[in-house]
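Enquirer:
Numbering (my numbering), first residue to last: 3 to 187.
(1) I need the straight-line Cα distance from residue 34 to residue 92, nearest angstrom please.
(2) Check whether the segment 150–165 and the segment 124–135 touch, using three or more Cβ-Cβ pairs below 8 Å as the test.
(3) Per DSSP, what are the beta-bridge partners of residue 150 in this structure?
(4) Look up residue 27 in the DSSP assignment and give the residues it is bridged to.
(5) Based on the DSSP secondary-structure assignment, which residues constitute the bridge partners of residue 113?
(6) Can residue 139 and residue 100 be called in contact, C-beta distance under 7 Å?
(7) Quick one: is residue 131 buried, meaning 16 or more other Cβ sit within 10 Å of its Cβ, or exposed?
(8) Please determine, among 87, 88, 89 and 143, the residue with the shortest C-alpha to C-alpha distance to residue 114.
(9) Quick check: the Cα distance between residue 3 and residue 59, rounded to an integer number of angstroms?
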């Protein structure tokens with residue numbers, strides 16, 4: 003277990019300093035916002051990414067799962083950070099990638115990485131707005147034969163994702179930070 007309080011505070015500082023971009027933007031949901039939270043600036047940062055792995059493992063410590071992944075591109079570095087943080091803690095965690103659609107060549111898979119059939123998996127995302135991206139990943143993981151135990155995100159924008167995931171996916175929804183934590187209320 004990491005020094006959870008200090009790790010959370012340190013990651014929050016990185017997010018506030020590096021990932022919050024102010025100005026008019028159109029989100030993937032189609033909604034407009036006065037700011038954008040670009041967490042790839044964190045999840046791909048050599049200092050912040052290891053903190054992501056620690057915070058997300060701490061957030062999901064009460065859950066039982068042995069693989070983590072989500073919709074590419076946002077989930078990929080989170081799953082990788084969690085895989086490495088898990089290894090550093092002396093435990094094993096596999097990662098997987100969910101494509102938006104199955105490849106039309108090669109193995110024609112929608113999910114890449116170790117097979118998740120029959121396994122308990124966690125779906126992750128960097129920033130959640132409406133819940134549609136993790137819902138796509140949940141559906142793909144279930145179609146591949148996995149049992150999805152929860153969805154976890156770094157930042158929840160508090161726009162209804164919890165209700166969408168509860169209603170359409172029937173899985174718990176966890177998040178490390180809210181827009182209030184980032185001073186964006």
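Glycine included, C-beta positions come from ideal geometry on N, C-alpha and C.
Expert: Let me lay it out:
(1) Locating residue 34 in the chain shown gives position 32, where the first residue counts as 1. Locating residue 92 in the chain shown gives position 90, where the first residue counts as 1. Their backbone Cα atoms lie some 43 Å apart in a straight line.
(2) Contact holds between the segment 150–165 and the segment 124–135, because three or more Cβ pairs, one in each stretch, are under 8 Å apart.
(3) Within the chain shown, residue 150 is the residue found at index 148, counting from 1. When beta bridges are read from the DSSP output, residue 150 appears opposite 123.
(4) Translated into the one-based positions of the chain shown, residue 27 becomes position 25. Paired residue(s): 35.
(5) Looking up residue 113 in the chain shown gives position 111. Partner(s): 100.
(6) Start at 1 with the first residue of the chain shown, and residue 139 comes out as number 137. Start at 1 with the first residue of the chain shown, and residue 100 comes out as number 98. Residue 139 is a Cβ neighbour of residue 100, given a cutoff of 7 Å.
(7) Translated into positions along the chain shown, residue 131 becomes position 129. Classification for residue 131: buried.
(8) To locate residue 114, count along the chain shown from 1; it is residue 112. Minimum Cα-Cα distance from residue 114 among the listed residues 87, 88, 89 and 143 corresponds to 143.
(9) Residue mapping note: residue 3 aligns to position 1 of the chain shown, counting from 1. Residue mapping note: residue 59 aligns to position 57 of the chain shown, counting from 1. Below a pLDDT of 50, predicted positions are generally treated as unreliable, and residue 3, at 47, falls in that range; the measurement from the model is reported next regardless. C-alpha separation (whole angstroms): 9 Å.
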